[in-house]
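Below is one structure, written out as structure tokens; the observations come after it.
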Amino acid sequence: MTKTNESGKPVVRFAPSPTGYLHIGGARTALFNWLYAKAKGGTFLLRIEDTDRERNNPAAVAAILDGLTWLELDWTGEPVSQFSRADRHRQIAEALLASGNAYKCYLTSAELDEMRKAAEAAKQPLTIRSPWRDRDPAEAPKGVPHTIRLRAPSDGETVVDDSVQGRVTFANKDLDDLIILRSDGNPTYNLAVVVDDHDMGITHVVRGVDHLTNAARQTQIYNGMSWTAPVWAHVPLIHGADGAKLSKRHGAQGIEDYRDMGYLPVALRNYLVRLGWSHGDDEIMSSEQLIAWFDITDINKSASRFDFKKLDDLNGHYIRITPDAELLKRIKSMLPHLNFTALLELTVDPKAPPRSDVALARDVITQLPKVATGQDVCALFEAKGWDRLAAALPSLKERAKTLAELVTGALYIVTARPLALDDKAAKLIDAEAKAMLVALIPRLEACTSWSAADLETAVKAFAEETGAKLGKVAQPLRAALTGRSVSPPVFDVMAVLGRDESLARLKDQAV
RNA sequence: GCUCCCUUCGUCUAUCGGUUAGGACGCGAGAUUUUCAUUCUUGAAAGAGGGGUUCGAUUCCCCUAGGGAGCGCCA
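Quick note: the first sequence uses numbering that gives the first Met the number 0, first residue 0, plus one each step.
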């Protein structure tokens, strides 16, 4: 690991702790880092903050990397494991000890608990200044393990000059002598972060504001080592629709949930970047534009609320402009992640925004017997030929906000005859409609070409001759062909289904 | 409790002391239409409250209220 900022180009990093998935807030932090690196021709590195061995979990690391990959945020080199650098962290702790900027502390956990309780009872803030800060280590009790604490300045102030938050000052009397090495000899988070950021040549630390006070503490460590602190940029947090911290009851938290619901990475990026950052009145921005326009100094200080409606709108836009071939590819890679029976058992807060993957699950379970997973649905499309779905996409993508909605709309392709009609569709096919279908079928059979345009001409001619409004003909057709009252234009549907299947479905209802 | 931060339409935001306070989502109305959408037109909708500074405050300062974050041998 070498310093790479001699070139004057920024080196940034995203440093998640492996807790199970890539949180949507973390995804935005990663996006800000990535954009900044791209914007300035810098480098985007990854580090896994896995010093807490109890929480170590390779699957969680994989989930984070998968999430970043799905979001199309690429990083340079291998992710750094913080745990693997513990020896180096210890070395720096020793150096701090040797220079007098740290000291051995023999306070036990029990004693600390007591101090905390006493302070709480007295309603006094507790700032830990260990008695061992100034005590002769020779007086140390034998056999009692010690921690190493930073000898933080006790007066004056520590300034965090932040690109987002501005100049934030902390009185040193309010800052603890933080533990940098645990009694078991393992480094703590703040030490590890400083050493790693220094060694990795990080020039800009872009992370959530929840780390703002850590920046003050870390500045003290930098000072103790006479190292130059990086440029700080503490970005605001993302809240749920109710203004509270994003949590399970707000629905999706992990980025894989957004993938499963059928959001496009490009749409999610566009949405996330606008939370706390803007470029004039621009709303829809290409990656090239984002890279050209983005700067951390333009990020706001206030937290923002997550709005699924706006994400949906953006996603709908990107679905409409995405070529069908790519849409098909994305559907194919999304579907296998879905488990419909599990989705239906998901207990979601009634106030949480509806999920389009859950809606899809509901439709699949009611319309397709013996189908439980996205893989099963894939198999059905495979059997019909994926080109059927591809042919349906142009008419489907106009009315879908997510890939899951796209699939929901395409279900008519794989439903089996005789179709189960939903209530509204059943109502549309009354005696009058049945008679109409009986009369119409021969006319359709006479069609030489089964294209949407020719079918439309034939049906319109039929409607005109019989004096029926087009709606009176089209609605029963739709119901018979798809089993629902809502679908893409019926002529497109017939073209997608093909002559034999379309006629068979119509005949099913014409009796 | 202590420390730090925040506060423009319901939501995301623009405004770098002088604007009819702009855009987007959502919502309402209308047009297009075989359903649902898409698309287009259009309407309603905001400077938390109170003090200053200033010829003039959304913008600068202070107070209040509300909200958030942090206060571990977690990260």
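For glycine and all other residues, C-beta sits at the position ideal for the given N, C-alpha and C.
Requested in this report: Rounded to whole angstroms, what's the CA-CA distance from residue 298 to residue 342? Just pull it up for me.
Outcome: 36 Å
Q.
Taking its Cβ as the centre, do 16 or more other Cβ atoms sit within 10 Å of residue 195, making it buried, or is it exposed?
A. With 16 or more Cβ atoms within 10 Å of its Cβ, residue 195 is classed as buried.
Worksheet entry | Rounded C-alpha distance that separates residue 446 from residue 486 | If I take the Cα positions, the gap works out to 23 Å.
message: Would the region 246-260 count as touching the region 285-300 if we require 3 or more Cβ pairs under 8 Å?
response: no
| query | Quick one, are the C-beta atoms of residue 21 and residue 67 less than 8 Å apart? | reply | yes
Exercise. Roughly how many angstroms lie between the CA atoms of residue 405 and residue 509, to the nearest whole one?
Worked result: 29 Å
Query - Same chain, Cβ closer than 7 Å to residue 296, neighbours up to 5 away in sequence not counted - result: 162
Check whether residue 359 and residue 424 have beta carbons under 8 Å apart: no
Pairwise C-alpha distance: residue 31 and residue 277:
12 Å
Query - Burial state of residue 180 (16 or more Cβ within 10 Å) - result: buried
Express the C-alpha separation of residue 27 and residue 311 in angstroms, rounding to a whole number.
17 Å
Exercise for the section: Identify which residue in 169, 141, 144 and 449 has its Cα closest to the Cα of residue 154. Expected result: 169
| query | Can you list, in chain order, the residues of its chain whose CB lies under 8 Å from that of residue 499, leaving out five sequence neighbours each side? | reply | So the list is empty, once near-sequence residues are dropped.
Reduced DSSP category for residue 293 - H, G, I as helix; E, B as strand; rest coil: coil
Residues in the same chain with beta-carbon distance under 6 Å from residue 79, minus the five sequence neighbours each way, listed in chain order, please.
46
field: DSSP beta-bridge partners of residue 470
entry: Looking at the DSSP assignment, residue 470 forms no beta bridge with any residue, so it has no partner.
Compare the C-alpha of residue 314 against each of 398, 367 and 293 and name the closest. 398
Do you know offhand how far residue 280's Cα is from residue 29's? Spanning the alpha carbons of residue 280 and residue 29 requires a straight line of approximately 24 Å.
query = With which residues is residue 158 paired in a DSSP beta bridge?
reply = DSSP lists 168 as partners of residue 158.
| said: Just list the residues that DSSP pairs residue 104 with in beta bridges. | reply: 146
(message) On a Cα-Cα basis, can you pick out the residue from 346, 345, 389 and 350 that is closest to residue 325?
(response) 389
- Message: Measuring only the C-alpha atoms, how far is residue 501 from residue 370?
- Response: 23 Å
Mapping DSSP to helix, strand and coil, what is residue 416? If DSSP states are grouped into helix, strand and coil, residue 416 belongs with coil.
Requested in this report: Can you say whether residue 470 is buried or exposed, counting buried as having 16 or more other CB atoms within 10 angstroms of its CB?
Outcome: exposed
Please state the DSSP three-state secondary structure of residue 185.
coil
On the DSSP bridge list, what partners appear for residue 44?
12
For the pair the region 327-336 and the region 370-380, tell me if three or more CB-CB distances fall below 8 Å.
yes
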